[in-house]
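K.L.:
FYI, the numbering for the sequence shown is -32 to -1, 1 to 695, going by mature numbering (1 follows the signal peptide of the UniProt record, and there is no 0).
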Amino acid sequence: MANFDRIPPKISSILGPLVLLLAMAAAPLAMAEPRHVRWAPDFGLEDQMEALKQKGHYCLPPPYALNFDPYVVKLAESLYDNCVVGNANEEQVKKYAVLAAVSMSPAAVYSVPYTVSELKTDALKCVLKSFVGVSAMNSTQQAAYKSDIDDMSTLNDWRKFYNGAAGISKTSGQALEAALTQTTLAANDRFQDTDMFSRAYATVAGGRTLRFLKELWWEEWVVALDEYDFNIDQCRFEDARLAVQRAEDTADADCQALGHTYRALEAKLVSDIVRTYNTLDRDLIGDSPNTITIVNDLSRQKRALEQAGEALRSYVQVFAEIKKKRDVDLTDHIKAFEKARLAYEAMYRDALDGLDTPQACRSFTDLETGIKQTLADLNKDSHSCREALFGGYDGSLRLSSNTLRNALLQVARLRSSDWWVKMDQIWNAQHTCDMETALDLRGQLLAEVTSNPIYRVADGACIKQDQPALMAKLNAVAAPDHCDEAPYVKVIPHEIIGQSVEGARKLLKGNDDFFVVPNAQDGEAAQDRQDIGKVQSSRPAPGVAAERGSTVQLFVATGSAGSDTVCPDKNPDPSDDFHKFGQSGPDDGTYVFCDYFEDGRLSRQTPFVDNLRHGPFLNYDIQPACDRFLYLQIAYEKSEPQTALSHKCSSTTGEPGSGTVHRSVANTYVNGRVTLHTEFYPNDKKRYRRTTDLDGNLIRSESWNPDGKPTDCTQYDKDGNKTPCSQ
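1. If the criterion is Cβ atoms closer than 9 Å, does the pair V469 and H399 meet it?
2. Is W388 buried or exposed, if buried means 16 or more other CB atoms sit within 10 Å of its CB?
3. Are the segment 231 to 247 and the segment 268 to 279 in contact at 8 Å, needing three or more beta carbon pairs?
4. With a 10 Å radius around its C-beta and 16 neighbouring C-beta atoms as the bar for buried, classify Y26 as buried or exposed.
5. Note down the Cα distance separating A397 from A406, rounded to an integer number of angstroms.
6. So the candidates are N665, S419, D222; which of them puts its Cα closest to the Cα of V284?
7. Can you grab the Cα-Cα spacing for the pair R657 / N487, in whole Å?
8. Would the beta-carbon of S506 fall within 9 Å of that of I431?
9. Which of the three DSSP states, helix, strand or coil, is assigned to K23?
10. Going by beta carbon distance, what residues of the same chain come within less than 6 Å of G527, once the five residues before and after it are set aside?
11. Report yes if the CB atom of residue 705 is closer than 9 Å to the CB atom of I290, and no otherwise.
12. From N521 to Q498, what does the alpha carbon distance come to, in whole angstroms?
13. By the three-class DSSP mapping on this structure, what secondary structure does I667 have?
14. So, with DSSP's three-state summary, where would you put W672?
15. Drop a sphere of 10 angstroms on the beta-carbon of K502, count the other beta-carbons inside from all chains shown, and report buried for 16 or more, exposed for fewer.
16. Give the single residue among Y312, L193, R209 whose Cα lies nearest to the Cα of A219.
17. Applying the 10 Å Cβ sphere with the 16-neighbour rule, what's the burial state of H462?
18. Would you mind stating whether C203 and F305 have Cβ atoms separated by less than 9 Å?
19. Measuring CA to CA, which of I464, E206, E404 is closest to I302?
20. Which of the three DSSP states, helix, strand or coil, is assigned to S239?
21. Look up I394 in the DSSP assignment and say whether it is helix, strand or coil.
22. Just list the residues that DSSP pairs V484 with in beta bridges.
23. Output the distance between the C-alpha atoms of K23 and D10, rounded to the nearest integer angstrom.
24. Whole angstroms are fine: how far does the CA of N665 sit from the CA of K686?
25. My output table needs one value for I431: the three-state DSSP class, helix, strand or coil.
26. Span of the beta strand (DSSP E) holding G491?
27. Going by CA-CA distance only, name the one from V379, D675, T691 that's closest to D682.
28. On a Cα-Cα basis, can you pick out the residue from R294, D295, D321, C353 that is closest to A308?
29. Can you give me the start and stop residues for the alpha helix (DSSP H) that D297 sits inside?
30. Which of the three DSSP states is assigned to G557 in this structure?
31. In three-state DSSP terms, what is E188?
32. Determine the DSSP secondary structure at A208, reduced to helix, strand or coil.
33. Under a Cβ-count criterion, where at least 16 other Cβ atoms within 10 Å of its own Cβ denotes burial, should A415 be classed as buried or exposed?
34. By the DSSP assignment, the alpha helix (DSSP H) with T418 in it spans what residues?
35. Assuming S518 contacts V484 under a Cβ cut-off of 8 Å, what Cβ separation, rounded to an integer in Å, is found between them?
36. Can you name, in chain order, every residue of its own chain whose Cβ lies under 8 Å from the Cβ of D680, other than the five neighbours on each side?
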């Protein structure tokens, strides 16, 4: 046993309880014959670690300094120096030292029945500092550690310190990790105490040392190497590159921690062998309980050192395995994968572009064959590898064969729908006795169905999808019985919409006046100026079949001509839908009339002043039974209407002629007042022109032969007297 005679009385009073407590924790493992535990450096391990060092792996630090003073003596001295003088009396320090020693095991933290008042913060701090003071830390590390303990101002018992210790570390992880390992192993006979205390710090410091104090289990580098293999299988080559780098970094950190463990175990074993050598020598018989305890303890330390050495030696193979994976040129993998992906993408786009062609199904089956071959070439068939392959270069395409299969089905549905729409057109032509159109459409549809059939994909093969219902309809196309006579039903064409009234009438009447088309009626307001007067709808509606002689009522878009220009550019041709004419003097505003024509005759007229409409629409009767038609001309003076003159359609007046009357209009403004010039064309036999004043009084009457030769010209004064024209 160590000689405690040199210990001062005050310290020995503290030492008594500690020795008793620590002796209980170090019960004999077994009775054995006294013998010296011998040890020699493992030079083979040293050489292997030096070889790793040359490759950049610093696993084994230089040997630690030896410590020949018993730990319990140093602890007692530290407790007395730190605690008795400044914080508590001698009896309190004894109590705190025992409580601290007991409660520094994880289980005891939650089981020792003490209260807050039994272990006050200040006294606890000095006890903890004593444990730090006798550790193998250097002075800088001890100062930082003790500063952390001083910062526990909010903790008032050991349980709180244990729970909160992980959050108060300020020292660097690497320095603290080495210091904690040394502290733990230098106090081997108080292992439980310092193990728990340092474990809390090691957690926050990011160290791995304490895992090697017990036994090795799955390390982070092992997981990283597994991730490398997994990422390679998943075609995640960049992730694999990062995984192997992480494996090397974590293996370096673990190996360094294990090296510190080995050196600490080595220093503790050598120190204890030297310190206890004389004690074992004096026990000649070898049956002393103290001797047996020392031998067992030294044997246990030696086994722990040997185990740590074997664990350290295993990293030679670990780094060899990591190097093997790191030396793999992932660039070749990446190039092979990118080449396969580009080839697949090209195949996919070719298939997609050909979905509406006869080669669609063949393109699809070629693509599926290409998928299998591509995956086989890469030796990868994982879900993620497929996802990466089908995602295209930027991962946004989702080029899976299922997507293409659905697109092919959609094309088939659309094509089938289009065929049946065409079949409906054939049916309409057939039942309106337009057999020329029906047979022409039938031939076109038959050619399309035959040359570009619908296919479906089943078990990797293309199967033609027959169309029995459609073919039965096509084969049954023939002229109905009622078509032997003159056609009696026609479909009102859609083409009348947007036409002028005259154009729509020609489409409806045809060459045989199939439909009766009365005057057009006003429909909805036009959305665009150019649509005014155009056919907007009909009754019956376009697309409806109607019998011969049916009346088709046309409706035209209505509305003003807009604010920019009242009418289109001047065009006196009455066959146009409308034109503008007329302008007053500068003081009276601008007067414009918009005329609308049907069958070359004026049907409606609208007056405007300064782009604002004045007066009603001027409607003209164009019924075939009329010799003449109603016209209404409003005169204006300074933007106000003055007089109006009207004539109604009459077949009995006989003037200026009988039969269908054609009319064209031109206006002349004098002092803001309008005179009306009208030309009549009765039966195309003679042309007449009459000029009237605002009151309807005849001013001039002229006539010509159809060839343009004048036949008569008469002027009238204000009293109605006639004189020959002067020119």
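For glycine and all other residues, C-beta sits at the position ideal for the given N, C-alpha and C.
P.N.:
By the coordinates alone:
1. no
2. exposed
3. yes
4. exposed
5. Their backbone Cα atoms lie some 5 Å apart in a straight line.
6. D222
7. 27 Å
8. no
9. Of the three classes helix, strand and coil, the one that applies to K23 here is coil, per DSSP.
10. A493, A494, I500
11. The chain is shown only over -32 to 695; residue 705 falls outside these bounds and no answer can be derived.
12. In the sequence as presented, Asn is not what sits at residue 521; that position holds Gln. It is roughly 22 Å from the alpha-carbon of Q521 to the alpha-carbon of Q498.
13. strand
14. For W672, the three-state secondary structure derived from DSSP is strand.
15. buried
16. Selected option, being the one with the closest Cα: L193.
17. Around the beta carbon of H462, a 10 Å sphere encloses fewer than 16 other beta carbons of the protein chains shown; the residue is thus reported as exposed.
18. yes
19. E206
20. helix
21. helix
22. Answer by DSSP bridge pairing, in chain order: T519.
23. 21 Å
24. Spanning the alpha carbons of K686 and N665 requires a straight line of approximately 8 Å.
25. strand
26. 489 to 493
27. In the sequence on display, residue 682 carries Thr and not Asp. Considering only alpha carbons, the answer is T691.
28. Closest by alpha carbon: C353.
29. Premise fails: D297 is in no alpha helix (DSSP H) and is neither H nor E.
30. Any reading at G557 needs caution, since the residue's pLDDT is 39, under 50, leaving its predicted position unreliable; the model's value is listed next. The three-state secondary structure of G557, taken from DSSP, is coil.
31. helix
32. helix
33. exposed
34. 403 to 419
35. 7 Å
36. S669, E670, S671
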